[in-house]
Every structure is written in C-alpha cells, then in structure tokens.
C-alpha cells in the first residue's frame with residue numbers, strides 16, 4: 069500500500085485545496101519518500117505545492133483510500149501568508165466546506181473533509197453542552 073502525507077489547512081472556516089492542470093481539486097500533500105517521516109513529507113508537500121510554511125503541524129488520523137494510506141495532518145500557517153500555486157500545482161484556493169461537496173474532488177479528499185467537519189461539529193456541541201451545564205441551563 070502506498071503512503072501519502074495529506075494536509076488540512078483551515079483559515080476563516082475555509083479549507084485549502086489544490087489542483088494540478090486539468091485535474092480534480094485535492095488536499096495538499098503527496099507521496100512519502102523513502103526514509104522520510106510522514107510529518108516531514110507533509111511539511112515539504114505543503115510548501116512545494118502552495119509556498120505556505122506550517123508554523124505548527126498536528127497529526128490527526130490515518131485514512132485508507134483505495135491503495136493509499138493517508139497520514140492526515142492539520143497545519144497552522146501564518147494568517148497573513150498567501151497560498152500560491154507552485155511546482156506541479158496549477159491552482160490553489162480556500163473553499164467553504166459546503167462548497168467542497170459541489171466540486172470535482174477525489175473521494176479521499178471529500179471523505180477526509182467530511183470527517184474533519186463532523187469532528188469539529190461534535191467538539192463544538194460538547195463545548196456548548198459544558199457551558200450550559202456550568203450556567204445551569206437546560207440543553208435543547
């Protein structure tokens with residue numbers, strides 16, 4: 069099974085996607101080279117494809133799609149930094165999650181984005197429940 073580093077960058081509730089010439093939108097990332105750790109590949113691919121440099125990188129989960137094992141990372145980048153298509157990438161753009169569902173993307177990209185936002189919704193729900201419990205309000 070091939071291994072790939074896949075990077076989620078979120079800014080202002082939008083997710084960064086990249087596309088090669090005449091290709092579908094995808095999350096930044098790529099093949100892990102021999103002797104390279106997954107986090108090293110994630111940092112390298114993000115910078116190669118978008119010119120963005122991660123200020124922090126967090127391992128999220130593994131995702132198996134077809135013949136590829138995705139090591140999925142969350143990358144923080146400086147808020148003022150600008151994503152620019154670089155290397156083999158023709159386009160990069162920030163998309164709202166609901167918009168991603170309407171794009172031509174790879175199945176792993178769509179599923180990884182869905183997993184992220186389901187998790188974020190659950191975390192927000194749990195945080196709201198804790199606040200309501202602290203103030204003695206009844207959850208709805």
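In this note's numbering, the protein residues as written are 69 to 208. Idealized CB from N, CA, C, for every residue including glycine. Quick caveat, the model's predicted, so the values are computed rather than measured.
- Query: Among all the DSSP beta bridges, which residues are the ones paired with residue 84?
  - Reply: 162
- Item | Classification of residue 182 by the beta-carbon crowding that lies within 10 angstroms, buried from 16 upward | exposed
- Query: With respect to the alpha helix (DSSP H) encompassing residue 40, which residues constitute its N-terminal and C-terminal limits?
  - Reply: As displayed, the chain neither begins before 69 nor continues past 208, which places residue 40 out of reach and without an answer.
- Spell out a yes or no on whether the region 146 to 161 and the region 103 to 122 are touching, meaning 3 or more CB-CB pairs, one atom from each, closer than 8 Å. yes
- Task: Pick out the complete beta strand (DSSP E) segments inside the region 118 to 149, 3 residues or longer, and give them in chain order.
- Result: 122 to 133 and 136 to 145
- Examine the Cβ distances between the region 92 to 101 and the region 165 to 179 and report whether three or more of them are shorter than 8 Å. yes
- Along the chain, where does the beta strand (DSSP E) that runs through residue 79 open and close? 70 to 79
- Message: Quick check: the Cα distance between residue 139 and residue 127, rounded to an integer number of angstroms?
- Response: 8 Å
- So the beta strand (DSSP E) residue 99 belongs to, where does it begin and stop? 97 to 99
- Message: Counting C-beta neighbours from all protein chains within 10 Å, is the total for residue 85 16 or more, i.e. buried, or is it exposed?
- Response: buried
- Do you know offhand how far residue 174's Cα is from residue 202's? 43 Å
- Query: For residue 120, which residues of its own chain have a beta-carbon under 6 Å away from its beta-carbon, when the five flanking residues on both sides are left out?
  - Reply: 114, 145, 149 and 151
- Task: Can you grab the Cα-Cα spacing for the pair residue 70 / residue 136, in whole Å?
- Result: 5 Å
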